[in-house]
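Visitor: Sending over a structure as structure tokens; questions will come in a sec.
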Ligand SMILES: [Zn+2]
């Protein structure tokens, strides 16, 4: 059976998350020890909340943001709400999701969010 778009995006999200966590494991001994004890397929299931402060400090703020966004997107997948804007509930275009699988806001809401944070 062909995979749905959401399933494809979910796989991408897991792959990106694993990449970040592996990058962290490569630079942080403590985290490497944790990962070494885990089943490789479970590594991607580590919630960013489970990663303690020290490890978060080892990660760049850019990676943390991405990790949190990925987690949020994966939560949306499990809620069956992936691809719907978190703010307005409208569908996020698939091109946008294909480019940024962890996008949880449509372009319009993203823009107003950026305006607010400025
Ligand atoms: Zn929106």
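In the numbering used here, the protein residues as written are 202 to 319. Backbone N, C-alpha and C fix where the C-beta goes; we use that ideal spot for every residue, glycine too.
If you draw a straight line from the C-alpha of residue 214 to the C-alpha of residue 309, how long is it?
Guide: Approximately 23 Å between the Cα atoms of the pair.
Visitor: Residue range of the alpha helix (DSSP H) that residue 318 falls in?
Guide: Residues 308 to 318.
Visitor: What do you reckon, are the CB atoms on residue 281 and residue 298 nearer than 8 Å?
Guide: Taking 8 Å as the Cβ cut-off, residue 281 and residue 298 do not qualify as a contacting pair.
Visitor: So residue 211 and residue 275 are in contact, right, with Cβ under 8 Å, and what is the actual spacing, rounded?
Guide: Right, the Cβ-Cβ distance comes to about 7 Å (below 8 Å), so this counts as a contact.
Visitor: Using the C-alpha atoms, what's the distance from residue 222 back to residue 239?
Guide: Using only the alpha carbons, I get a separation of about 12 Å.
Visitor: Nearest to residue 229 by alpha carbon, out of 313, 260, 216 and 305?
Guide: Ranking 313, 260, 216 and 305 by Cα distance to residue 229 puts 260 first.
Visitor: Name the residue from 207, 295 and 264 whose alpha carbon lies nearest to the alpha carbon of residue 225.
Guide: Here the closest residue by C-alpha is 264.
Visitor: Helix, strand or coil: which one does DSSP assign to residue 291?
Guide: Note: residue 291 maps to coil in three-state DSSP.
Visitor: Determine the DSSP secondary structure at residue 225, reduced to helix, strand or coil.
Guide: In this structure, residue 225 counts as helix in the three-state DSSP scheme.
Visitor: Output needed for residue 306: all residues of its chain with C-beta closer than 7 Å, excluding positions within five of it in sequence on either side, in chain order.
Guide: Counting only Cβ-Cβ distances below 7 Å, and skipping sequence neighbours, we find 286, 287, 288 and 314.
Visitor: Excluding sequence positions up to five away, which residues of its chain have a Cβ less than 6 Å from the Cβ of residue 216?
Guide: Answer for residue 216: no residue qualifies.
Visitor: Roughly how many angstroms lie between the CA atoms of residue 279 and residue 271, to the nearest whole one?
Guide: Looking at the two C-alpha atoms, the distance is approximately 12 Å.
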